[in-house]
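Numbering (full-length UniProt numbering), first residue to last: 1 to 297.
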């Protein structure tokens, strides 16, 4: 049967005592009694089968065995402390960093202005954003699902559901699109002005189905996304359709709305995360904050 290995605590006590000028000083450094230091050293000597300190009350000196052991243990404990500190740093970074993919318009017109509120509540959580299309196509959806599965993304916000069972999807809100203009607008005026719209988008399909006769008469100017449409509205009487959620943005609060012509899209905006038994605390905190702010809006 092999001899019992010395305890890590006893080795640590010996290392401190070897550097201190007395057992009393070692006890003060470790915050224990001098007798506790003595017991740990005696137990360690018994386990090793050799003396480590000279037994002379007038001299606090290491034996030849102690002189061999002390510097090696000092090196080992320095390395152990370095590894432990590094693991703490890496762990903190993983717990407090979230990689989030969002539609560019959602980030620009709604989320960005609210982030100071999030950071005031959770200053220890860092958010890194990437953007994708407001209405991702099948290839983009597949890419989002893959990134969530491989954990290169922690959270994705997107319109419509992903076809992936390993992804947990939580509806955030049902988007409603409303015609807006930088000048006063009514139904007659709306039919006489050009509309800046993405003709392939779900919001235009929903609007066309709800207002068949009206859309037949409209002059449309194709744009690839809502951000371009809003930027082009400045200083003219053109019209576009925009998610009503975005209208709380400071630069959009004064726009004119044609609320009677608004349409609700058939699918919700969704927050998707990788399915796992236990979600990271930081991720849960951000999703709960996001849901609460959207409900408030």
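Glycine is no exception: its CB is placed at the ideal position from the N, C-alpha and C atoms.
Quick one: any contact between the region 229–243 and the region 157–170, if contact means 3 or more CB pairs under 8 Å?
In short, these stretches do not touch, since the Cβ pair count stays below three.
Assigned exposure category for residue 170 - 16 Cβ within 10 Å defines buried
Here residue 170 is exposed: its Cβ has fewer than 16 other Cβ atoms, across all protein chains shown, within 10 Å.
List in chain order: all unbroken beta strand (DSSP E) runs of 3+ residues lying wholly within the region 148–174.
Taken in chain order, the complete beta strand (DSSP E) segments of 3 or more residues contained in the region 148–174 are 155–159, 167–173.
When burial is assigned at 16 or more other CB atoms within 10 Å of the CB, is residue 296 buried or exposed?
Exposed is the call here.
C-beta contact flag for residue 180 and residue 255 at 8 Å:
Yes, the Cβ-Cβ distance between residue 180 and residue 255 is below 8 Å.
Ordered along the chain, which non-local residues of its own chain (more than five positions away) have a Cβ less than 8 Å from that of residue 22?
Its chain contains 60 as the residues whose beta carbon lies nearer than 8 Å to that of residue 22, once the 5 sequence neighbours on both sides are disregarded; these appear in chain order.
Does DSSP put residue 124 in a helix, in a strand, or in coil?
In the three-state reduction of the DSSP assignment, residue 124 falls in the coil class.
The beta strand (DSSP E) that contains residue 240, what's its start and end?
In this chain, the beta strand (DSSP E) harbouring residue 240 covers 239–243.
Can you say whether residue 274 is buried or exposed, counting buried as having 16 or more other CB atoms within 10 angstroms of its CB?
Under this definition residue 274 is a buried residue.
Looking only at its chain, what residues have a beta carbon closer than 6 Å to the beta carbon of residue 195, apart from the 5 residues adjacent to it on each side?
If we look at residue 195 and ignore the five residues flanking it on each side, its Cβ neighbours are 218, 220, 239.
Is the beta carbon of residue 51 closer than 8 Å to that of residue 65?
Result yes, Cβ atoms of residue 65 and residue 51 sit closer than 8 Å.
Beta bridge counterpart(s) of residue 74 as assigned by DSSP:
According to DSSP, which records beta bridges pairwise, residue 74 is partnered with nothing at all.
Given residue 146, which residues of its chain have a CB within under 6 Å of its CB, disregarding the five upstream and five downstream residues?
Here residue 146 has no same chain residue with a Cβ atom under 6 Å from its own Cβ, once five neighbours each way along the sequence are excluded.
Assuming residue 130 contacts residue 112 (C-beta within less than 8 Å), just tell me the rounded distance between them.
No, residue 130 and residue 112 are not in contact; Cβ-Cβ is about 14 Å, not under 8 Å.
I believe residue 211 touches residue 110 by the beta-carbon criterion, under 8 Å. Please report the beta-carbon distance rounded to the nearest angstrom.
About 26 Å separates the two Cβ atoms, so there is no contact after all.
From residue 148 to residue 272, what distance separates their C-alpha atoms?
For residue 148 and residue 272, the distance between alpha carbons rounds to 8 Å.
Which word fits residue 46, buried or exposed, when buried means at least 16 other C-beta atoms lie within 10 angstroms of its C-beta?
Residue 46 counts as exposed, since fewer than 16 other C-beta atoms from the protein chains shown sit within 10 angstroms of its C-beta.
With DSSP as the reference, please indicate the residues paired to residue 176 in a beta bridge.
Note: residue 176 sits in a beta bridge opposite 264.
Using DSSP bridges, identify the partner residues of residue 271.
According to DSSP, residue 271 bridges with 157, 170.
Within the region 198–261, note down every full alpha helix (DSSP H) run reaching 4 residues or more, in order along the chain.
Secondary structure within the region 198–261: the alpha helix (DSSP H) runs of 4 or more consecutive residues, fully enclosed, are 202–210, 212–217, 226–233 (chain order).
Relative to the C-alpha of residue 132, which candidate in 142, 123, 124 has its C-alpha closest?
Answer by Cα proximity: 142.
Going by DSSP, what residue range makes up the alpha helix (DSSP H) through residue 44?
Element bounds for residue 44: 34–48.
Please work out which residues of its chain come closer than 7 Å, Cβ to Cβ, to residue 124, disregarding the five sequence neighbours upstream and downstream, and give them in chain order.
Cβ within range, chain order: 96.
For residue 103, three-class secondary structure by DSSP:
It is a strand residue.
If you follow the alpha helix (DSSP H) that residue 191 is part of, which residue opens it and which one closes it?
It spans 187–192 - the alpha helix (DSSP H) in which residue 191 sits, taken as one unbroken run.
On the criterion of 16 or more Cβ atoms from any shown chain inside 10 Å, does residue 177 qualify as buried, or is it exposed?
So residue 177 counts as buried.
When the Cα atoms are used, what is the spatial distance from residue 288 to residue 81?
Looking at the two C-alpha atoms, the distance is approximately 37 Å.
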